[in-house]
Amino acid sequence: MKKIVLFILFLSSITAYTQTLDTLKTPPLQDVSEKSKGAEYPGGMMELRKDIAKKLKINKIKGIEGKKGILFSQAKFIINIKGRIEGIVVIGDDVDFNAEVERAIKSLRTRWKPAEHKGVLVRSYYRVPFTLTMNN
């Protein structure tokens, strides 16, 4: 019994030391919108959609005659510092629709206003969704 009492007294007299946690010094939040500007198509997104719609040749998409439904695609590409489109990737429901969207985007000759970050021209990604509604 004396050993148990001594053991409990011994445990209660031990002081526990832990590591001190240094606070991480994080940089203050910055408003990126003031220092960064995304790539812009002359005339805006609606003008881009109009130009691509003019270039699309729906009759080149195989197998859509007589069908009803909706096809979805999404194009992702890079606007380089010269305002040109490169690295086009199109994914979606129909391979032929994807190929036609890619062809239409490649045929655009209008230069974009490239993106800027802190006053320096930079490459940027751009995504454009496409929907084709078929009504027979």
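Quick note, the numbering used here runs 23 ahead of the 1-based positions in the sequence shown.
For each residue, glycine too, the CB sits at the ideal point set by N, CA and C.
Predicted model only: the values in this text are computed from it and were never measured.
Rounded straight-line distance, which links the Cα of residue j to that of residue i
i: V145; j: K105; result: 9 Å
i: W135; j: G61; result: 10 Å
i: S59; j: E139; result: 5 Å
i: R107; j: I93; result: 30 Å
i: K85; j: A122; result: 11 Å
Which residues DSSP lists as bridging residue i, in chain order
i: P152; result: Q97
i: K105; result: In DSSP, K105 forms no bridge with anything.
i: E63; result: K136
i: N82; result: None; N82 has no bridge partner.
Sub-7 Å separation of residue i and residue j beta-carbons
i: V124; j: A98; result: yes
i: K83; j: A127; result: no
i: F95; j: D116; result: yes
Where the alpha helix (DSSP H) containing residue i begins and where it ends
i: A76; result: 68-78
i: A127; result: 118-129
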